[in-house]
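Colleague:
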Amino acid sequence: MTQPEHEIQNAVRVALSANQCTVFRVNAGQVRLPDGRFFQTGVPKGHFDLYGFRWSDHQVFYIEVKTKTGRPRPDQIKFHDFLVRRGVIHGIARSPEDAIKIVEEGLVGYGF
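For the sequence shown, my numbering begins at 22 and goes up steadily by one.
See the structure below:
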């Protein structure tokens with residue numbers, strides 16, 4: 022049985038926190054206002070699930086959590102391209118070990 026993405030995400034958050042990182046979970050979505058219009062909350066489309074920084078050098082990182090077979094959406098690939106152009110640490114983590122590798126090794130675009 023495949024582990025659900027939210028369980029992987031929680032395990033990643035715990036693992037990175039235990040490895041001297043501060044990690045934030047990104048909440049995004051939209052709500053319908055009383056007049057029927059939608060209000061978009063949070064970050065732009067394609068923003069990754071987690072972001073944070075290493076305590077050692079305050080280097081920022083972004084992590085997109087996926088299941089073993091999960092694939093990035095087109096808007097996530099666009100955000101990945103944006104981060105690559107700027108040399109920002111980021112990648113797809115399918116396990117806590119992937120996330121630790123991305124952050125500790127300063128990988129740019131791991132898993133894409």
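In this text, a Cβ means the ideal position worked out from N, Cα and C, and glycines have one as well.
Just to confirm my understanding: we take Gly50, look at its own chain, exclude 5 residues before and 5 after, and list those with CB closer than 7 Å. What are they?
Modeller: So the qualifying residues of the chain are Thr62 and Gly63.
Colleague: For Val105, does the count of other Cβ atoms within 10 angstroms reach 16, so buried, or fall short, so exposed?
Modeller: When all chains shown are included, Val105 counts as exposed.
Colleague: Report the three-state DSSP secondary structure of Ala49 (helix, strand or coil).
Modeller: Three-state DSSP puts Ala49 in coil, outside helix and strand.
Colleague: Are there 16 or more other CB atoms within 10 angstroms of the CB of Asp102, so buried, or fewer, so exposed?
Modeller: Counting Cβ neighbours within 10 Å, Asp102 comes out exposed, since fewer than 16 surround it.
Colleague: Starting from His101, trace the alpha helix (DSSP H) both ways and give me its first and last residue.
Modeller: Taken as a continuous stretch (DSSP letters only), the alpha helix (DSSP H) holding His101 covers Pro95 to Arg106.
Colleague: Taking the alpha-carbon of Gly67 as reference, which of Val124, Ile84 and Glu126 has the nearest alpha-carbon?
Modeller: The shortest C-alpha separation from Gly67 is found at Ile84.
Colleague: Between which residues of its own chain and Val33 is the CB-CB distance below 7 Å, once the five residues before and five after are set aside?
Modeller: So the list reads Leu71, Ile84, Val86, Ala114, Pro117 and Ala120, once near-sequence residues are dropped.
Colleague: Once the 5 residues before and after Ser77 are set aside, which same chain residues still bring their CB inside 7 Å of it?
Modeller: Gln41, listed in sequence order.
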